[in-house]
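Structure first, commentary second.
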Amino acid sequence: MSSPESLPQYAGVLEAYHWAFQGEFDDILAELPIEDAALVLDVPCGDGFFTRRIAARQRFGQTIGVDVSPAFLEVAHDQVSSTGRAPYLLQGDCLELPITSNSVDLIWCAHSLISLTDTVSALKEMHRVLRPGGTIAVLEHDQMHRWLLPWPANLELAVQDAERQYFVQKHGSTRKMYNGRHLHQLLSDTKFQVGERRTMTAERQQPMDKASLHFFCRHFSDLRRRIGRYIPPSRQPIFDTFTDPHSPDFLPTQADFAATAIEILQLGMK
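Those letters in the sequence shown? Residues -19 to 250, by the working numbering.
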């Protein structure tokens, strides 16, 4: 198993998110047009969470997971080794996929656009490997409206502004914050025929199961790491109170806590 230090900083919170909401993600996958004998590409596959689930749905087809990170692929290998019909895992760059042109029946791309160095070029490469009549399914969120959380209104505005400042510092602009709302345009610009768009929500409230509480502890700890320095001094005490897992007022442990995750699934065809 790779050490946590060899994985990107977001890996732990993304893993916790996937496992906490695995039922909802299974429902999304169940609606995909995957034929029994289909060749499915999960790219970038990350830790293999979705790769394993897609492969488990197939009786005669094949699932391939591609990621540029050896560390992620090592974790993915452990994930998929217990799958009845094990997928292939390949190391490769999204800008130069190790896949034959016009060969893939369905491409699955989940929670990955933010990590791509060149989103448009990566989508064009996905278009190359998709067969005519094949489907691409992109699952994303809009960072500004990813969560409905019971923040006090004045703190919520400060958190959103801090998120913007963080994105500018890390990515040079806020463009990647809004991938979810621009999926139609991104697919259109990369020669896909834009298909159906679905917006899905997932709810959690107290009392919560252990996996969900674990996720929110990871989520708020990661939020503090990313944007804590950008919270105005006047809002810092209340921000710390609500986001510190060791605080008696930690938001997810409050009796009236309720949260809604918003996911966007955009389909396209070649």
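Every residue gets a Cβ at the ideal spot worked out from N, C-alpha and C, and that includes glycine. All values derive from a computational prediction rather than experimental measurement.
Item, Value
"Classification of His(-2) by the beta-carbon crowding that lies within 10 angstroms, buried from 16 upward", "buried"
"Cutoff 8 Å; reference Val60; Cβ partners in own chain excluding five residues on either side", "Gly28, Thr31, Arg32, Ala35, Gly45, Ala66, Pro67 and Leu69"
"Buried versus exposed, by CB contacts within 10 Å (16 or more), Asn159", "buried"
"Inter-residue spacing [alpha-carbon to alpha-carbon] between Gly175 and Arg108", "18 Å"
"Assigned secondary structure, Ile211 (DSSP; H/G/I helix, E/B strand, else coil)", "coil"
"Coil, strand or helix - Tyr(-10) by DSSP", "coil"
"Uninterrupted alpha helix (DSSP H) stretches inside the segment 175 to 249 (no shorter than 4 residues)", "190 to 207 and 216 to 223"
"The alpha helix (DSSP H) enclosing Arg155, as first and last residue numbers", "Taken as a continuous stretch (DSSP letters only), Arg155 belongs to no alpha helix (DSSP H), as it is neither H nor E."
"DSSP-derived helix/strand/coil call for Gln123", "helix"
"Buried versus exposed, by CB contacts within 10 Å (16 or more), Arg155", "exposed"
"Same chain, Cβ closer than 8 Å to Leu75, neighbours up to 5 away in sequence not counted", "Thr97, Asp98, Ser101, Ala102 and Glu105"
"Option in Ala191, Ala239, Glu183 and His162 with minimal Cα separation from Arg177", "His162"
"Three or more C-beta pairs below 8 Å linking the segment 72 to 91 and the segment 138 to 154", "no"
"Within 8 Å, strictly: CB atoms of Phe200 and Leu231", "yes"
"For Val46, the residue or residues it bridges with in DSSP", "Leu70"
"Three-state secondary structure (DSSP) of Trp88", "strand"
"Residue from Arg206, Ser81 and Met188 whose Cα sits closest to the Cα of Asp141", "Arg206"
"Alpha-carbon spacing of Pro(-16) relative to Ala138, whole angstroms", "No answer about Pro(-16) holds up, because its pLDDT of 43 lies below 50 and its placement is not dependable."
"Residue from Gln71, Thr43, Gly41 and Gln42 with nearest C-alpha to Val55", "Gln71"
"Euclidean distance between Cα positions of Gln186 and Gln234", "8 Å"
"Beta strand (DSSP E) segment containing Leu19, residue limits", "Leu19 to Asp22"
"C-alpha distance - Gln42 paired with Arg184, whole-angstrom precision", "34 Å"
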